[in-house]
Each structure stands twice: as structure tokens, then as C-alpha cells.
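Here the structure is laid out as C-alpha cells; the discussion comes afterwards.
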Ligand SMILES: NC(=O)c1ccc[n+]([C@@H]2O[C@H](COP(=O)([O-])OP(=O)(O)OC[C@H]3O[C@@H](n4cnc5c(N)ncnc54)[C@H](OP(=O)(O)O)[C@@H]3O)[C@@H](O)[C@H]2O)c1
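Numbering (our numbering), first residue to last: 3 to 255.
See the structure below:
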């Protein structure tokens, strides 16, 4: 980023943001003047992302989202560097299994839950206690359209994203009126995570979408910026579906 925008005075933590959707969210928040802490497991990739986003306003804290010490370190280092943590975007997620629910390895299913749901709760507890309960703010959970309807062969992932959507409602109810909590449910967004779903057949995959293209990280960045801005001040507990219209097809044919 060449020219820095005026500081907004706000600070965000975005988990899993060395690439993909999290990076797109961090970019959108920095573009409006926020300072941001990004996380990810690979330290080198995280460092590179900090440099690309602008080390003047970004810190990186490496670690696994489900690791309690990492969660504590991310919040503590954000408070130490920037003095506040207004926004939390729970984006780090995993989907390591493909196949029928009848045969899913239960230990893997447990791991999916740990990373996608329990980690989001852990981070939310920490930002709430460190800053938000006294000062307000907003939380955004990156769920998925897989959490809204059955998704063949990625069932455990879908169940975890459905839980994330209910977690969003629970926290929205409990943290009101101080903190708004919303979710975003994307359809396929072009990232490493989703590559197998469109690689070599992007045109065909895009044709299923009423808006005639797959998503890009900035589509989710824009939605997260809205849900952490004053423009959504009266919105909480909601799941914003950002899907190029693919859900509209449910009523066709
Ligand atoms: N792309 C899609 O089509 C799509 C659709 C719906 C929902 N989503 C959701 O969007 C989120 C981001 O996905 P993406 O597509 O942007 O994936 P991605 O391109 O693979 O990026 C994932 C990011 O999270 C980090 N990460 C992965 N596992 C982590 C962990 N256990 N702890 C901490 N950081 C971790 C990765 O860095 P390291 O590998 O270095 O840790 C990377 O920075 C996920 O929650 C996913 O479920 C994606």
C-alpha cells in the first residue's frame, strides 16, 4: 500500500490472514484506516503478509487458532502494540475431510470443530474481556453457505459452520448492546482453500452463479468492513450471505 489513509483510531484482529479471505479482510480494514493484527501458522508467510499490508499499521502473531496460548498472545500483543481491540474477525478455518458422514473419522470431525468453532469462541472471550465489554466493538465470524444447507462430502465442515452461525447468535444476544456479532456465509471464493473446487474449470463453475463469477477475497473484505462499521450499527446476530446469488438456484428447476 503506497499512500496510507488517515487513521480511524480502530483496531482489529483478523485470524488466518496471511492469504485468502483473511488477507482480503485485513486489506479492507487497513484501507479505511484501521490498524490490524493478523494471525496464521506459517511465520514466514505471515511476515510477508505484514510487509505487503504495511508494517506501520500491521502486526503478525504466528500460531494455531485453537492453541490457547496463541489466542492469549494475539490479544496481548495487539493491546500492547495498539492499546485496544475494537474488532475481531474469526476467519481461520479448516476442512480436511471429503467423504460421506457415515464414515467420517470422529477425531478429524472433532478437530474441525476445535479449529472452526471453539477457536472462534476462545478469541471472542478474550477480545471481550480485554477491551470490548467496557468499550464496545464488533465481531464477525466467517462461516460458509455450507452451514446453511447440507453440503455433500463436506458434512463435518458444514456442521461446524452451522454451529458457528448459532455461536454468532448466542454471542450477539449475550454481548448486546456493547458488541455486535454477525457472520458472513460465502460461497466459493478463489483462494488456496477452495482451489480444488474450480481449478481447471472456473468458467463452468462460475456459470452456476447468477452473478456469473466466483467470489474473490475483496468481496468478503467489503462485507466485513460493513459489519464492523457504523453503517451496520443496528445489525446483530445476522448471517450475511455473500454468494454471487448461488442460493437463488435453490428455487429453480
Ligand atoms: N474460499 C472459500 O470458498 C470459502 C467459502 C466459505 C467459507 N470460507 C471460509 O473462509 C475462511 C478462510 O478461508 P480461505 O479460503 O481464505 O483459506 P486459505 O486461502 O487457505 O487461507 C487460510 C488462512 O488461514 C490460515 N490458517 C489456516 N489454518 C489455520 C489455523 N489452524 N490457525 C491459524 N491460521 C490458520 C492460513 O495460513 P497458515 O496456513 O500459515 O496457517 C491462511 O492465512 C475459512 O474459515 C473458510 O472456512 C472459505
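Glycine included, each C-beta is placed from N, C-alpha and C at the ideal position.
Spatial neighbours of residue i in its chain, beta-carbon cut-off 6 Å, leaving aside the 5 residues before and after
i: residue 226; result: 27, 91, 142
i: residue 13; result: 37, 84, 86, 87, 88
i: residue 167; result: 145, 149, 185, 241
i: residue 21; result: none
i: residue 3; result: Low confidence applies to residue 3: its pLDDT is 49, below 50, so where it sits in the model is not reliable, and the reading given next is rough at best. Excluding positions up to five away in sequence, the list reads 56.
i: residue 204; result: none
i: residue 80; result: 15, 39, 87
i: residue 9; result: 35
i: residue 174; result: 183, 238, 239
i: residue 192; result: 216, 218
Cutoff 8 Å; reference residue i; Cβ partners in own chain excluding five residues on either side
i: residue 199; result: 190, 207
i: residue 224; result: 30
i: residue 220; result: 26, 29, 30
i: residue 215; result: 208, 246
Same chain only: Cβ atoms within 7 Å of residue i, ignoring 5 sequence neighbours per side
i: residue 101; result: 155
i: residue 7; result: 33, 34, 35
i: residue 162; result: 114, 115, 118, 119
Near ligand 1: residue i beta-carbon under 7 Å from a heavy atom
i: residue 17; result: yes
i: residue 87; result: no
i: residue 191; result: yes
i: residue 146; result: yes
i: residue 117; result: yes
i: residue 97; result: yes
i: residue 184; result: no
i: residue 21; result: yes
i: residue 75; result: no
i: residue 12; result: no
i: residue 267; result: Examination of residue 267 is not possible in this model, given that the chain is present from 3 through 255 alone.
Among the options, nearest to residue i - alpha-carbon criterion
i: residue 114; options: 165, 218, 23; result: 165
i: residue 30; options: 137, 229, 169; result: 229
i: residue 159; options: 209, 136, 103; result: 103
i: residue 252; options: 211, 203, 75; result: 211
i: residue 250; options: 61, 15, 151; result: 151
i: residue 232; options: 173, 140, 187; result: 140
i: residue 194; options: 97, 213, 138; result: 97
i: residue 248; options: 213, 236, 129; result: 213
i: residue 42; options: 82, 10, 75; result: 75
i: residue 179; options: 5, 236, 99, 107; result: 236
i: residue 82; options: 52, 61, 54; result: 61
Unbroken stretches of the beta strand (DSSP E), 3 residues or longer, contained in the stretch 156–200 = 181–188, all fully within the stretch 156–200.
Which full runs of the alpha helix (DSSP H) of 4+ residues lie inside the stretch 69–103, going along the chain?
-> Listed in chain order, the alpha helix (DSSP H) elements of length 4 or more contained wholly in the stretch 69–103 are 70–84.
Are at least three pairs of beta-carbons, each pair with one atom in the stretch 241–250 and one in the stretch 37–53, less than 8 Å apart?
-> The stretch 37–53 and the stretch 241–250 do not touch, with fewer than three beta-carbon pairs separated by less than 8 Å.
So, do the stretch 115–135 and the stretch 57–71 have three or more beta carbon pairs nearer to each other than 8 Å?
-> Yes: at least three Cβ pairs fall under 8 Å.
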